[in-house]
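Structure, as structure tokens:
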Amino acid sequence: MADARFVYVVDDDPAIRRSLERLLDAAGFRVTSFATPAAFLGVADDLAMGCVMLDLRMPKMDGFEVLARLLQLNPDLPVIVITAQGDVQTAVRTMKAGAVDFIEKPYGDDALIAAIEAALNTGATKGRADDVVAASLLVDSLSPREREVLEALVAGQPNKIIAFSLGISVRTVEVHRSRMMDRLGVRQLGQAVRLSVLASLAKAV
1 MADARFVYVV DDDPAIRRSL ERLLDAAGFR VTSFATPAAF LGVADDLAMG CVMLDLRMPK
61 MDGFEVLARL LQLNPDLPVI VITAQGDVQT AVRTMKAGAV DFIEKPYGDD ALIAAIEAAL
121 NTGATKGRAD DVVAASLLVD SLSPREREVL EALVAGQPNK IIAFSLGISV RTVEVHRSRM
181 MDRLGVRQLG QAVRLSVLAS LAKAV
């Protein structure tokens, strides 16, 4: 389909827009950039199916408000949010607000392209439903202690605080964290957070 590889970049930083345009164009995507949320939302209901790359931190209107409005205008457009590195609570909030994925800064080109491909291949509604089921099964496979560690990490707690709360050593927390990530099949904390949030959405249905 001619419109199946559209990517809409919403970011107020011109340098980031140019960088993403070059990268995604070279990867074969058809890129349209928007310097302001208002410019994007003004045409959102008429956009061909594709994927949205949305920066959270923008003046006048942040990414969360854009997400809320987009869900009313064009709910079938999958949104990937760009978040600050290590900002776990923001990542959790974006997933609950309707984003299909989030990318932490600084992000790698391969990770970004893989996230876009996944979003384009599944779409917002079907992709979210499938991901929720898969994430729930993965999280259910964790041991009780591994799940406690995951929940604490999602809450933004460092290893020392987790160790104190659970009455175990920091080293033991690190072991459980490593095993938890192995079971989930992820290498980065952000990926584990994403699975945890998706699994929680399954319980909310």
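So for the sequence shown, the numbering used here puts the first residue at 1; every next one is plus one.
Quick reminder that beta carbons are idealized off the backbone N, C-alpha and C, glycines included.
Nearest neighbour of P158 by Cα position, chosen from D45, V88, D25, V66, turns out to be V88. Cβ atoms of Y8 and M53 come within 8 Å of each other, at about 7 Å. Membership of V170 in the alpha helix (DSSP H) is indicated by the continuous run 170-184. For the options V193, L77, T172, the alpha carbon positioned closest to that of M181 is the one of V193. The DSSP assignment places complete beta strand (DSSP E) segments of no fewer than 3 residues inside the segment 33-118 at 50-55, 79-83, 101-104, in order along the chain. With 16 or more neighbouring CB atoms inside 10 Å of its own CB, D55 falls in the buried class. The closest CA to that of S196, considering only L70, K96, D13, is found on K96. If you draw a straight line from the Cα of L47 to the Cα of L77, it comes to about 9 Å. Apart from sequence neighbours up to five positions away, the residues of its chain that approach S141 with a beta-carbon distance below 7 Å are R183, ordered along the chain.
Inter-segment contact for the segment 67-84 and the segment 100-116 is present: three or more beta-carbon pairs are separated by less than 8 Å.
When the five nearest sequence neighbours on each side are left out, the beta carbons in the same chain lying within less than 8 Å of the beta carbon of E151 are those of S196, in order along the chain.
Under the three-state reduction of DSSP, R30 is assigned to strand. Separation of Q188 and A111 (C-alpha to C-alpha, rounded to the nearest whole angstrom) is 11 Å.
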